[in-house]
Amino acid sequence: MLPEVLSQYVQRVIGNRSKGKILPVLVRQYLNVRMHLYVRRRKQDEVQVLEETIRARSEKHKKAGVELNATCQVCMKTKFADGIGHNCNYCHIRCCARCGGKVTLRSRRVSFRLDKD
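Numbering follows full-length UniProt numbering, with no gaps: position 28 of the sequence shown is 28.
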């Protein structure tokens, strides 16, 4: 179906002389765009599933009565003793050493931030 529509379009716009060269390029471009849209749709679905999983895990922890001040707010696994754990200087989320790290700024000041890879 696609090559016929493109073939008619190319014939109307350009004519038969360059049709053999332009038609494969247009088909390749069309397939490339379709592939990118498919990949984008899959990634959006994946993000949505991850958000739902995180939300469900968060609700599960709240229902279980886990004290959220004593756990990492990113991975929800690491439990802190009193006074342990770091707050991100940018988003102020409490996290463990696996989910964040120390960063040295230009002024040689050390701050803690989340690893958002």
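Glycine included, C-beta positions come from ideal geometry on N, C-alpha and C. Note that the structure is predicted; figures quoted are calculated from it, not measured.
Look at the Cβ atom of residue i, then the Cβ atom of residue j, and state whether they are nearer than 7 Å.
i: residue 100; j: residue 94; result: no
i: residue 61; j: residue 76; result: yes
Along the chain, where does the beta strand (DSSP E) that runs through residue i open and close?
i: residue 104; result: 100-104
i: residue 74; result: It is not in any beta strand (DSSP E) - residue 74 carries neither H nor E in the DSSP assignment.
What distance in whole Å lies between the Cβ atoms of residue j and residue i, which are believed to be in contact at a cut-off of 8 Å?
i: residue 109; j: residue 90; result: 14 Å between Cβ atoms; not a contact.
i: residue 63; j: residue 71; result: Not a contact, Cβ separation roughly 14 Å.
Can you name the residues that DSSP bridges to residue i?
i: residue 86; result: 95
i: residue 113; result: 101
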